[in-house]
Each structure stands twice: as structure tokens, then as C-alpha cells.
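K.L.:
Heads up: the sequence shown runs through residues 118 to 604, numbered per the working numbering.
We treat Cβ as the ideally placed atom computed from N, Cα and C, and that holds for glycine.
Owing to the predicted nature of the structure, the values given are computational and were not obtained by experimental measurement.
Mind looking over this structure? Questions follow.
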Amino acid sequence: MRSVFIMSLVVLYFVVCIGLALYAKRSEVKGSKKDYFVASGAIGSVILFLTALATAFSAFAYMGQMGMVYNYGSSAIWNFFHYAIFSYPFFFIIGSKLWYYGGKYGYVTPADFIVHRYESGSPMRFLVGLIICVYFSIFYIVIQIKGCGWALQEATGISSPLAMLVITLLLALYVALGGMRGVAYADAMQALLLVAGILFIAGFMITREGGLVNLFAKGMAADPTILQPKQPFKEIFSGGLVMALSMPLWPMLWTKYYSAKNMKAAYSVGTGCGLGTVIVTVSLPIIIVCGLKIAYPHWESGKADVLIIKYALELMPPVLAALIVAGLLAAAMSTAAGLILLVSSVFSVDIVEAVQKSTSLKLSEKQIVTSGRIFVVVIMLISFWLALIPLGQLVKIGIQMAYPGYLLAVPLVVGGLWWRRANKYGAIWGLVAGLITLYITIFVTKNPMGIAAGIWGLVVCSVVFIVVSLLTKPTSDKTLREFGLIK
118 MRSVFIMSLV
128 VLYFVVCIGL
138 ALYAKRSEVK
148 GSKKDYFVAS
158 GAIGSVILFL
168 TALATAFSAF
178 AYMGQMGMVY
188 NYGSSAIWNF
198 FHYAIFSYPF
208 FFIIGSKLWY
218 YGGKYGYVTP
228 ADFIVHRYES
238 GSPMRFLVGL
248 IICVYFSIFY
258 IVIQIKGCGW
268 ALQEATGISS
278 PLAMLVITLL
288 LALYVALGGM
298 RGVAYADAMQ
308 ALLLVAGILF
318 IAGFMITREG
328 GLVNLFAKGM
338 AADPTILQPK
348 QPFKEIFSGG
358 LVMALSMPLW
368 PMLWTKYYSA
378 KNMKAAYSVG
388 TGCGLGTVIV
398 TVSLPIIIVC
408 GLKIAYPHWE
418 SGKADVLIIK
428 YALELMPPVL
438 AALIVAGLLA
448 AAMSTAAGLI
458 LLVSSVFSVD
468 IVEAVQKSTS
478 LKLSEKQIVT
488 SGRIFVVVIM
498 LISFWLALIP
508 LGQLVKIGIQ
518 MAYPGYLLAV
528 PLVVGGLWWR
538 RANKYGAIWG
548 LVAGLITLYI
558 TIFVTKNPMG
568 IAAGIWGLVV
578 CSVVFIVVSL
588 LTKPTSDKTL
598 REFGLIK
């Protein structure tokens, strides 16, 4: 009975996602790549606030973060506390600039800004598009599909491959149909489900244990070290800094700036991510982990990320359990949808743009939009195939280098917006040097001196970027005027 009820709610959730995509398609400007990929810069504050929140917090918010707090205590929470200190000034300062230039020059992808500012064509489109936006992102789509498949399997009893296939087809359908507008509408609904699920499970635990004080007391009795940091300070601080500084330039959030209707809406990207941090990764995890420690005091550390779903399915009423499962699906699918649209835009805009400049191929905007929809389906089929096979070394590299890799965009964007001497040579060699440094400090000599690899990559990228820019030919005055760097 429980599985039937959960399946019914999940089906309803799927129907709503498709319905929102169809509703979004009615407002589509036919044959416009800017409309399909960034909604013609017409999304308002409320929807953008919710879609940013939903995109930023994936299945990790439900499972991985809770598992980290279960294993590492308050260290895992302090990692995310950095967001409140370092991320949000960047969101407002950088986001407003990218929104302005995105609207002024019609940007669709992150590479559009980089290529324009640095007067670099194919090399930069391939470097930013294929490596940073595609390679680092595709495996996160796979992880979201796997997480959804596991949750559906546990909740309904259907096989994991079938569950992943259902998720794959749903994502392909509503992203291909609705584009950015459809993704944003579905994200808005999913953000509400995500937050509601986290709040309901925390509320249930507090009620079940007889109040918040009793919950903490029982949790501390089950594990007296639950509030103690269990990682070295340098690792906590530098690791959190990598996530916090890179977050405003995560590619799937970067494109949200382009889709904003006005400056106020662009600010909503930072506000949505900020509220999500406070609720999802800082304030509620310690409450939820106390409940998990009480119910499962000696759980295997390597499998701690499954506990929140296990708790919901075993101890909560069917209605609330269904809501928790729906919240997990919402968290995973909203992130996956943003990444899918991003990867599709890279192939349809960045790669096609590079190919058109070097060959006789000429595609209309309508054909580019059609290719974008086709790429959505192709990307999902590839992701489903990857989800079925064992994850190898290439996947490990992609996942572990993703957020440190996104961090390498910071010097290029900051330099491009405020330093007139920044040029394409510095940008290209800075990125290359940064990527090589990341590989060495992640897989060869891990976190030298106890400092996270991303910080080493950022420092090397920044130094090379500055030195090479100073030693080579500057950007033309025409481009510098277009970015307000000279009069």
C-alpha cells in the first residue's frame, strides 16, 4: 500500500513537470536560441529565486550533506557556512555585471562572455565549453539519475535500470519541450518540494523525540561527538572556500543571470542560493542527523548518505515518506535539468559557432534551436548509458575536478570585467596551467600542505593569467570600450 501511494504521488509529480513544460512552450519565441536557452532574459524575480535555489542544491542536499554531517560532525556544516561569508557578495557584484552584458550582447552560454571579452574564438570555446561546462558537468547528470533511480527503487520496488530510464525520459521530455522557461517553471515547483521535504522530516523528528531539546539530548547521547569538527581546520576552511568562491560562476547558475528580466531578478539568483544554504546545508542538517543518530547509531560510514531515505520509508507515515521521496527527486532533477540545458547549449551554440566559422556550414537560429532539442535527448541517452555501467577513472577525474574547475573561471571573469590589461593569451594559459595544477593536487600529490586542490589551482591560474597578460599584446580598444574599461 505504501509503495502504491508513493508511486501515485511520483506519477502526479511527473505529470506536473510535463504540464509546466507545455505551458512554457506556449510563450516560446519560435526559432530563437536566446529564448530557448535563456528565456529571452524575461524570467522574473520570484521564479528565478526558486529556480536558482533548486538548481544549486542537488541530491547531495538530501543525501550527501546528511551523510557528511553523520560522519564528520560540524566540519561538514562549517564547509557550507563559507557560502554566507564569501559567495553572496560575489553573486550580487559579478551576477549584475554578467546580467547587464548578457542582455546587451545577447549571450547564451558562459563561453559567449569569455570569447567576446578576450577576442578568442574556437580555442576558448572548446576549452570553456567542452572541458569546464561539458566534461565537468556530464557526470553530475549521471549522479542525479543514479540517485533518483535508487530512491524510486527503494520506494516503489521497481528495478533500478527501469527507474533510471523513467527519470531519463522525463528529463529529456520536459527540458526539450520547455527550454529554459520550462526548466525554470518546473524548478520553481521542485524548489518548494525540496524545502518542504527537508522541513517536514526535521519537524517529524522533533515531534517524534518529544521536542527539540529532547532530540538534541538523545542525539548527543547516541554520539557525543556529533557537534565536534572531525577534520583539520585548513581542510575545512580551504575546502569550503573552493565551493563558496566557485558557486556564483557554476555554469548552470551563470546562465540564470542571462535569463533574468532585470537587475532585481538577477540578484534573486544569489538570494535563492543564500536561502537554500541557510535551510538545506547549515541550519537543518544537524537536527536531521540527530534524528538519524538516534534511529541508526552505528550505521556504516560509507553508506550514511542513504539514511535519510531509509528513515523516511521505515519510520514516517506514507504521506510524509512520499513527500520526502518527491523532495529528493525534485532536488536531483532540478540540478540535472539545468546541467542538461547547459550542455545542450554548449554543443548547439559554442561548438556549432566554432564549426561555422571554420567551415561552410551555416545554420539558421531555428535550426540551432532544433539541434538544441536533439542534443537534449542525445545527452540524456548518453547519461542513462553511463549510469548503467561502472564509473571508471575518467568519471572520477570529472567529478573531483568539477567544482575546483569551475573556480578557475573566477580570475578570468573578474579580470575581464575590471582589468583592462587582461587578454586572451593570459586567459588561455591561465586555464591550462590551472587545470594541470588541479590534476596534480587532486590525483598525484593530494591537497599539498593540507590546503584544498582548488585553492592551488586558483593561485596558479591567477598568477599565470596576470603574468602572461602583462607580457603579451593587449585586447583591442574597441572591445575594452564595449566593456567600459576605457572611454
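Taking the alpha-carbon of M185 as reference, which of L329, K420 and R242 has the nearest alpha-carbon?
P.N.:
The sequence position of residue 185 within the sequence shown is 68, counting from 1. Among L329, K420 and R242, the Cα nearest to that of M185 belongs to K420.
K.L.:
Within the same chain, show all residues whose beta-carbon is closer than 6 Å to that of G551, passing over the 5 residues directly before and after it, in chain order.
P.N.:
Position 434 of the sequence shown holds residue 551. L525, G574, V577 and C578.
K.L.:
For the alpha helix (DSSP H) containing H415, name the first residue and the last one.
P.N.:
Looking up residue 415 in the sequence shown gives position 298. Premise fails: H415 is in no alpha helix (DSSP H) and is neither H nor E.
K.L.:
Can you give the beta carbon distance from N540 to Y235, rounded, assuming they're within the 8 Å contact cut?
P.N.:
Indexing the sequence shown from 1 puts residue 540 at position 423. Indexing the sequence shown from 1 puts residue 235 at position 118. The Cβ separation is near 7 Å, so the contact holds.
K.L.:
Short of 7 Å in beta carbon distance, which residues of its chain neighbour V423, apart from the five on each side in sequence? Order them along the chain.
P.N.:
Counting from 1 along the sequence shown, the entry for residue 423 is found at position 306. These residues qualify, in order along the chain: M180.
K.L.:
Specify, as a first and last residue, the run of the alpha helix (DSSP H) that Q345 falls within.
P.N.:
Your numbering for residue 345 matches position 228 in the sequence shown. It is not in any alpha helix (DSSP H) - Q345 carries neither H nor E in the DSSP assignment.
K.L.:
Give every residue of the same chain whose Cβ lies closer than 7 Å to the Cβ of L432, excluding the five residues on either side of it in the sequence, and list them in chain order.
P.N.:
The residue given as residue 432 occupies position 315 in the sequence shown. Here the set comprises A412.
K.L.:
Roughly how many angstroms lie between the CA atoms of L459 and A439, to the nearest whole one?
P.N.:
If you number the sequence shown from 1, residue 459 lands on position 342. If you number the sequence shown from 1, residue 439 lands on position 322. In a straight line, the C-alpha of L459 is about 30 Å away from that of A439.
K.L.:
So, helix, strand or coil for A159, using DSSP?
P.N.:
As a first step, residue 159 must be located in the sequence shown, where it is residue number 42. Correct three-state label for A159: coil.
K.L.:
Opposite A471 in the DSSP bridges: which residues?
P.N.:
As a working mapping, residue 471 is identified with position 354 in the sequence shown. Its beta-bridge partners do not exist; DSSP assigns none.
K.L.:
Can you have a look at Q473 and say buried or exposed, based on whether 16 or more other CB atoms are within 10 angstroms of its CB?
P.N.:
Walking along the sequence shown from the start, residue 473 turns up at place 356. So Q473 ends up on the exposed side.
K.L.:
Tell me the residue span of the alpha helix (DSSP H) that contains M433.
P.N.:
Position 316 of the sequence shown holds residue 433. Neither: M433 is in no alpha helix (DSSP H) and is coded neither H nor E.
K.L.:
Grouping DSSP H, G and I as helix and E and B as strand, with all else coil, what is A377?
P.N.:
The residue given as residue 377 occupies position 260 in the sequence shown. In this structure, A377 counts as strand in the three-state DSSP scheme.
K.L.:
Compute every distance between the C-beta of C407 and the non-hydrogen atoms of the ligand GDP, then say whether any falls below 6 Å.
P.N.:
Summarising the ligand content, the structure contains no ligands, and the ligand GDP is consequently not present.
K.L.:
Using only the alpha-carbon positions, how far apart do S254 and G327 sit?
P.N.:
Looking up residue 254 in the sequence shown gives position 137. Looking up residue 327 in the sequence shown gives position 210. C-alpha separation (whole angstroms): 43 Å.
K.L.:
With three or more C-beta pairs closer than 8 Å as the rule, is the stretch 250 to 270 touching the stretch 281 to 290?
P.N.:
A contact exists between the stretch 281 to 290 and the stretch 250 to 270.
K.L.:
Within 10 Å of its beta-carbon, does L511 have 16 or more other beta-carbons around it, so buried, or fewer, so exposed?
P.N.:
Reading the sequence shown from its first residue, position 394 is the one you call residue 511. Caution applies to L511, whose pLDDT of 49 falls short of 50 and renders its modelled position unreliable; the model cannot decide the point.
K.L.:
Following the continuous alpha helix (DSSP H) through L487, name the residue where it begins and the one where it ends.
P.N.:
Your numbering for residue 487 matches position 370 in the sequence shown. According to the sequence shown, residue 487 is Thr rather than Leu. Segment E482 to L505, the alpha helix (DSSP H) holding T487.
K.L.:
Is the stretch 151 to 162 close to the stretch 294 to 306, with three or more CB pairs under 8 Å?
P.N.:
Contact between the stretch 151 to 162 and the stretch 294 to 306 is present, because at least three Cβ pairs lie under 8 Å.
K.L.:
Could you check where the alpha helix (DSSP H) with P591 kicks off and where it finishes?
P.N.:
Position 474 of the sequence shown holds residue 591. First-last for P591: undefined, no H or E at that position.
K.L.:
Exposed or buried, R242, counting other C-beta atoms within 10 Å across all chains shown (16 or more means buried)?
P.N.:
Taking the first residue of the sequence shown as position 1, residue 242 is located at position 125. It counts as buried.
K.L.:
To which residues of the same chain is G274 closer than 7 Å at the C-beta, ignoring the five residues directly before and after it?
P.N.:
One-based indexing of the sequence shown puts residue 274 at position 157. Excluding sequence neighbours, G274 sits near S120.
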